[in-house]
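Protein chains in written order, with our numbering: chain A, 1 to 156; chain B, 1001 to 1156.
Report on the following structure.
There are 2 protein chains.
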Amino acid sequence: MILSRTSQYAVQAMIYMATQEPGQPILNKDVAARLNVPAPYLAKILQSLAKGNLLESFRGRLGGFCLRPEGLRTSLMDILVLTEGPTFTKNCLLGLKQCSKETACPLHFRWVPVKERIIELLNETTLDKLSEAVKSGKYRLADVPLRLFPELDAVA
Amino acid sequence: MILSRTSQYAVQAMIYMATQEPGQPILNKDVAARLNVPAPYLAKILQSLAKGNLLESFRGRLGGFCLRPEGLRTSLMDILVLTEGPTFTKNCLLGLKQCSKETACPLHFRWVPVKERIIELLNETTLDKLSEAVKSGKYRLADVPLRLFPELDAVA
DNA sequence: AAAAAATAGGATAAAAAGGTATAGAATGAA
DNA sequence: TTCATTCTATACCTTTTTATCCTATTTTTT
């Protein structure tokens, strides 16, 4: 309804990274297996997250990706601005190039307060909260239940 | 942020139809000119709105599209269910196939109340309200100001 | 120094969305 | 009837998004 597949994968991956041991690089292919998404595609996404300074990347043996030191404070907004573009929450619902308080589309004043709620949610929802939720075991991050990949439990 | 271009055009077109004389067919090309969108593309959209019973269509001379008799009560949700598909507001933010109260993604309980607000907005916002807003002259429906198309004032 | 393991990056392929073109069918008027 | 007008239907093209593949390049281990 709101997010591209790229963004969905990015958020899932970031939450997963946040559940892992800090500072310990995690392999792209392990994240991909855990989330059940195509590894080469996910690699591109992780690379762009690294370019955007949300992840660190290390090449070579013992390489991989991991959160930056303060990564747990990353908000959903931080991620989505990278994956959806900087105007993510700025556009008119009807697609008008100019739509502001002065030159408004007929939906503008109805939409703005709802949009504010969305923005608030994206800003206040951070990886530490989300990773705690996942670690509690009450929430699932991917479609396939964990138990179907017992070989990954060791990695986790 | 939320709507496909097809949906944006559909909503714009429906609002425009609602500002017109009831029962009087309006030409696709006039709507396209007024909204400044490609006419052949808009034609497809209007046809699908007609198939979905939101518009009536008439062929031949004096033909065109117009709202159905009770069309002013059409809500944004009515339109978007047609253009975005019936699961428009039903999907998980993270794209999980299964995401409900029982098997929730970590965003679920944060997202649901915001989504409820969006759904409420879409359901309660109807064409009569929106067309009144446009007819008041305080809101604009398309990017190009009306004055640039004086030849359309007669049509309107 | 060489081998192995990992990301980086560019080229490419497939699918979906956006947009165009064309032929056909219905309607009203000359 | 015939013609212009308008929607209908289908096929097609283009662009964007999603996904894959292959070849560097970097780093660690041997």
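Heads up, the beta-carbon is just placed ideally off N, CA and C, and yes, glycines get one too.
The model shown is predicted, which means the values in this text are computed figures rather than measured ones.
Margin query: Does chain A have any CB closer than 8 Å to the CB of N1091/B?
Written below: As a position in the second sequence, residue 1091/B is number 91, starting the count at 1. With 8 Å as the cut-off, N1091/B counts as an interface residue toward chain A.
Next item on the list: Could you tell me the distance, in whole angstroms, from the CA atom of E1124/B to the CA atom of M14/A?
Entry: Your numbering for residue 1124/B matches position 124 in the second sequence. Your numbering for residue 14/A matches position 14 in the first sequence. Near 36 Å, if we compare the C-alpha coordinates of M14/A and E1124/B.
Checklist line | Under 9 Å (Cβ pairs) to chain A, residues found in the region 1076-1107 of chain B | finding: L1076, E1084, T1087, F1088, T1089, K1090, N1091, C1092, L1093, L1094, G1095, L1096, K1097, Q1098, C1099, T1103, A1104, C1105, P1106 and L1107
Note to self: Quick check on Q20/A - is its C-beta less than 8 Å from some C-beta in chain B?
What the structure shows: To locate residue 20/A, count along the first sequence from 1; it is residue 20. So, not an interface residue.
Checklist line | Residue range of the unbroken beta strand (DSSP E) whose run includes F58/A | finding: As a first step, residue 58/A is located in the first sequence; it is residue number 58 there, counting from the start. Counting along the chain, the beta strand (DSSP E) containing F58/A begins and ends at L55 to F58.
Notebook entry, point to check: How would you label I1045/B, buried or exposed, when you count the other beta carbons within 10 angstroms and need 16 or more for buried?
Noted result: Translated into the one-based positions of the second sequence, residue 1045/B becomes position 45. I1045/B comes out buried.
Margin query: Can you tell me whether F65/A is helix, strand or coil according to DSSP?
Written below: Counting from one through the first sequence, the residue named residue 65/A turns up at place 65. Three-state DSSP puts F65/A in a strand.
Notebook entry, point to check: For K51/A, which residues of its own chain have a beta-carbon under 6 Å away from its beta-carbon, when the five flanking residues on both sides are left out?
Noted result: The residue you call residue 51/A lines up with position 51 of the first sequence. For K51/A, where only same-chain residues beyond five positions count, there are no Cβ hits under 6 Å.
Notebook entry, point to check: Is DSSP giving I1002/B helix, strand or coil here?
Noted result: Taking the first residue of the second sequence as position 1, residue 1002/B is located at position 2. I1002/B: coil per DSSP, three-state reduction.
Item checked: G95/A vs R1005/B beta-carbon contact at 8 Å -> Numbered from its first residue, the first sequence carries residue 95/A at position 95. Numbered from its first residue, the second sequence carries residue 1005/B at position 5. Cβ atoms of G95/A and R1005/B: closer than 8 Å.
Next item on the list: Check the DSSP bridge columns for T126/A and list the partner residues they point to.
Entry: Counted from its first residue, the first sequence places residue 126/A at position 126. T126/A is bridged to S75/A.
Notebook entry, point to check: Taking 8 Å as the CB-CB limit, is T1125/B close to chain A?
Noted result: Here residue 1125/B refers to the residue found at position 125 when the second sequence is read from its first residue. At least one chain A Cβ lies under 8 Å of T1125/B.
Next item on the list: Work out the CA separation of R117/A and Y1139/B for me, nearest whole Å.
Entry: As a first step, residue 1139/B must be located in the second sequence, where it is residue number 139. As a first step, residue 117/A must be located in the first sequence, where it is residue number 117. So the two alpha carbons sit approximately 23 Å from each other.
Next item on the list: Could you spell out the range, first to last residue, of the alpha helix (DSSP H) harbouring K51/A?
Entry: In the first sequence, counting from the first residue as 1, residue 51/A sits at position 51. Looking at the DSSP string, the run of the alpha helix (DSSP H) that includes K51/A is A39 to K51.
Next item on the list: Measure the CB-CB distance between N28/A and A39/A and report whether it falls below 8 Å.
Entry: As a working mapping, residue 28/A is identified with position 28 in the first sequence. As a working mapping, residue 39/A is identified with position 39 in the first sequence. In contact: N28/A and A39/A (Cβ atoms closer than 8 Å).
Notebook entry, point to check: Any beta-carbon of chain B closer than 8 Å to the one on V31/A?
Noted result: Numbered from 1 along the first sequence, position 31 holds the residue referred to as residue 31/A. No - not a single Cβ of chain B is within 8 Å of the one on V31/A.
Checklist line | Endpoints, alpha helix (DSSP H) assigned at R34/A | finding: Within the first sequence, numbered from 1, the residue matching residue 34/A stands at position 34. N28 to L35 is the extent of the alpha helix (DSSP H) around R34/A.
Note to self: Does chain A have any CB closer than 8 Å to the CB of L1049/B?
What the structure shows: Sequence index remark: in the second sequence, residue 1049/B carries index 49 (1-based). Not closer than 8 Å to any Cβ of chain A, the Cβ of L1049/B fails to qualify, so no.
Next item on the list: Could you name the residues of chain B that Y139/A contacts, counting a contact when the two beta carbons are closer than 8 Å?
Entry: Position 139 of the first sequence, counted from the first residue, corresponds to residue 139/A. By Cβ distance, chain B contributes A1104, C1105, P1106 and H1108.
Notebook entry, point to check: Contact check, L157/A vs L55/A under 8 Å by CB: the rounded distance?
Noted result: For residue 157/A there is no data in the structure shown, the boundaries of chain A being 1 and 156.
Check: Nearest CA to the CA of G1071/B: which residue from S1007/B, G1085/B, L1130/B and L1141/B?
Finding: What you label residue 1071/B is simply residue 71 of the second sequence in a count that begins at 1. Considering only alpha carbons, the answer is L1130/B.
Notebook entry, point to check: Applying a beta-carbon distance threshold of less than 9 Å, which residues of chain B neighbour R73/A?
Noted result: What you label residue 73/A is simply residue 73 of the first sequence in a count that begins at 1. Going along chain B, no residue has its Cβ under 9 Å from R73/A, so there is no contact; the nearest lies around 16 Å.
Item checked: Assigned exposure category for F1065/B - 16 Cβ within 10 Å defines buried -> Numbered from its first residue, the second sequence carries residue 1065/B at position 65. With 16 or more Cβ atoms within 10 Å of its Cβ, F1065/B is classed as buried.
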